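Novice: Counted from 1, the sequence shown has number 68 at position 68 by this note's numbering; the numbering is strictly sequential.
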Amino acid sequence: MKTDKRIKLGRLFVVVNKNRHIMANKEYIHTYLQGGSGSPVPYMFTESQLKDARERAAKNFEDCLPLARWWRIW
Numbered sequence: 001m002k003t004d005k006r007i008k009l010g011r012l013f014v015v016v017n018k019n020r021h022i023m024a025n026k027e028y029i030h031t032y033l034q035g036g037s038g039s040p041v042p043y044m045f046t047e048s049q050l051k052d053a054r055e056r057a058a059k060n061f062e063d064c065l066p067l068a069r070w071w072r073i074w
C-alpha cells in the first residue's frame, strides 16, 4: 500500500509492521529525527520503549533541556 503522506521531523506515527515475524510487534511508533550530519534519520520504537523513555525523563527531569518559549504557552 502506497501512501502520499509526508511527515514532519520529530512527529510520531503508528505504523503497521508489514511482513512481521510471528513473535514481532504488530505495530511500531515511527519518526524521523535530525542525525549528526543534519539529515533526517528514521527511528522505530515499541510502545514499551517510549514508556521507558518517558519514565527516565520524569525521573531525571534535571537533565532535560527546557522547551522553547513559544511551546510553553500552549
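Beta carbons are placed, not taken as given, at the ideal position from N, Cα and C, and that holds for glycine. The structure presented is a predicted model; accordingly, all values stated were derived computationally and were not measured.
Check the DSSP bridge columns for Glu27 and list the partner residues they point to.
Specialist: Val16
Novice: Tell me, please, which residues DSSP counts as bridged to Leu65.
Specialist: Looking at the DSSP assignment, Leu65 forms no beta bridge with any residue, so it has no partner.
Novice: For Asn17, which option in Tyr28, Gly10 and Ile7 has the closest C-alpha, if you only look at C-alpha atoms?
Specialist: Per the Cα distances, Tyr28.
Novice: Who are the Cβ neighbours of Leu12 in its own chain at under 7 angstroms, not counting the five residues just before and after it?
Specialist: Ile29 and Thr31
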